[in-house]
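Notes follow once the structure below has been shown.
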Amino acid sequence: MTATTQSAHSAPHRSAPAAWLRRGEFWVHTGTGTTRCASYVRWEAPGTETGELPVVLVHGGGGQSLDWTTTPNGEPGWAPLLVEAGHPVYLPDRPAHGRSPYRPDVHGDLMPAAAPADVQRLFAPGPNDSRHRAHTEWPWTRESGSTQFDALASAVQPPPRNLANGHRLDGDMLVALLERIGPAVVITHSAGAPAGWIATQRRPDLVAALVAVEPLGPPFRDLGDRGRLAYGLTAVPLDNRSRTDSVDPARSQRLLGLASTPIAVVTADASGRHDDDLATVTFLQAAGVRVDHLVLADLGLPGHGHGLIFERGHDRTLSIVRDWLSTSITRHTPPAEGLS
131 MTATTQSAHS
141 APHRSAPAAW
151 LRRGEFWVHT
161 GTGTTRCASY
171 VRWEAPGTET
181 GELPVVLVHG
191 GGGQSLDWTT
201 TPNGEPGWAP
211 LLVEAGHPVY
221 LPDRPAHGRS
231 PYRPDVHGDL
241 MPAAAPADVQ
251 RLFAPGPNDS
261 RHRAHTEWPW
271 TRESGSTQFD
281 ALASAVQPPP
291 RNLANGHRLD
301 GDMLVALLER
311 IGPAVVITHS
321 AGAPAGWIAT
331 QRRPDLVAAL
341 VAVEPLGPPF
351 RDLGDRGRLA
361 YGLTAVPLDN
371 RSRTDSVDPA
381 RSQRLLGLAS
391 TPIAVVTADA
401 SGRHDDDLAT
411 VTFLQAAGVR
421 VDHLVLADLG
431 LPGHGHGLIF
441 ERGHDRTLSI
451 VRDWLSTSIT
461 RHTPPAEGLS
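Under the working numbering, the first residue of the sequence shown is numbered 131, with each subsequent residue one higher.
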């Protein structure tokens, strides 16, 4: 990948002219017969080939691919900014989310839809929340009724109740997408992270780098009646050969797919997720995976919350990710065979 010359504190991007873009959409199918699952994928690319790697953006739980396209106040999101920088971008709607149709016989029951208070608690903590004072990069009203808050809340939808089934379908979808488009950078957000872990472990040859933005965690988290992250990072085995030890990951079979891939975990300082993300990083390292922990506050970008991908300064957080990609993909070498 061509190294980016843009710093984390550079001026905001401008969106690319429409005439400069190519756009399209298609469906990815997994399973067979009564288990067949269809997932919608939208793509955008520069008008001419640039040589930059494609980027797949996997949205979080209850969200949809729109999370990456536009911020709540209408500014270009990470997807158009990446296209402007020369990358083809693929935007899947995870199974049963967005335009990917919900089928009860395939996806099972759904969780109740998130109330405005749930959206506020996750993305825009109010003055009675301990995170509020530090969360300076959410510039809009924090309660329903404002244009920006309602724009964010309108895209939220209920995820499947069965965590393991959801992770299996997400992983299958991302693997199928990568098998169709070829090697790409994968960037996940929040509860979209299990798809990235699974796809990278199963097809490391198709994942040039993996960036997990505030991933679902910490490892082995119990989500009540939805299920548990029984395999550390996921509720299902990462592949048919790897069974991560639920007690001591360092003694388990090494995660060779993940270990052969440049990986970064991105953490905001005002989301309350630092310790959870640190536990995820520690878990990966104990399993033989080399991972960089990009803590935004330590890199000069404090004040962000869980929605850092669409908050004020989201272009600068993307610049940090692109700077990491420009160095990590070229300097990374596969692990020694002795890790297996």
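Idealized CB from N, CA, C, for every residue including glycine. As the structure is a prediction and not an experimental result, all values here were calculated from the model.
Secondary structure at I439: coil, using DSSP grouped into helix, strand and coil. V411 and E273 have their alpha carbons spaced roughly 33 Å apart. By the beta-carbon neighbour count (other beta carbons within 10 angstroms, threshold 16), R332 is buried. The residue from N203, W208 and P184 with its alpha-carbon nearest to that of S195 is W208. Counting the other CB atoms within 10 Å of its CB gives N258 a total below 16, which places it among the exposed residues.
Distance between R263 and E174, taken at the CA atoms: about 37 Å. If you draw a straight line from the Cα of L429 to the Cα of S401, it is about 16 Å long. CA-CA distance, P269 to L438, rounds to 12 Å. In terms of CA proximity to V305, R224 leads the group G418, A389 and R224. Look at the segment 303 to 334 and you find these whole runs of beta strand (DSSP E), each 3 residues long or longer: 314 to 319.
Around the Cβ of R152, a 10 Å sphere holds fewer than 16 other Cβ atoms; the residue is exposed. Under the 10 Å beta carbon count, F440 is surrounded by 16 or more other beta carbons and is classified as buried.
Around the beta-carbon of W150, fewer than 16 other beta-carbon atoms lie within 10 Å, marking it exposed. Exposed is the label assigned to E155, since fewer than 16 other Cβ atoms lie within 10 Å of its Cβ. Contact between V421 and T397 does not hold, since their C-beta atoms are separated by about 12 Å, which reaches or exceeds 8 Å.
Shown here, V419 sits in coil according to DSSP, grouped into three states, outside any helix or strand. Within the same chain, and ignoring the five residues on either side of A254 in sequence, the residues whose Cβ sits closer than 6 Å to its Cβ are W268 and R272. For L187 and G326, the gap between their C-alpha atoms comes out near 10 Å. As computed with DSSP, G154 is found in a beta bridge with W173.
Taken atom to atom, the span from the alpha-carbon of A283 to that of S390 is near 38 Å. W157 has its alpha-carbon roughly 10 Å from the corresponding atom of M303. Assigned with DSSP and collapsed to three states, R452 falls in helix. If you draw a straight line from the Cα of L455 to the Cα of L448, it comes to about 10 Å.
Pairwise C-beta distances place the segment 229 to 239 in contact with the segment 284 to 291, as three or more of them are shorter than 8 Å. Take T164, set aside five residues on each side of it, and the residues of its chain with a beta-carbon closer than 8 Å to its own are D235 and V236, in chain order. The straight-line gap separating the alpha-carbon atoms of V171 and P348 is approximately 29 Å. Per DSSP, the beta bridge partners of R358 are D352. L386: member of the alpha helix (DSSP H) spanning L386 to A389, first to last residue. The beta carbon of G296 sits closer than 6 Å to the beta carbons of P290 from its chain, once the five residues preceding and following it are set aside; these are given in chain order.
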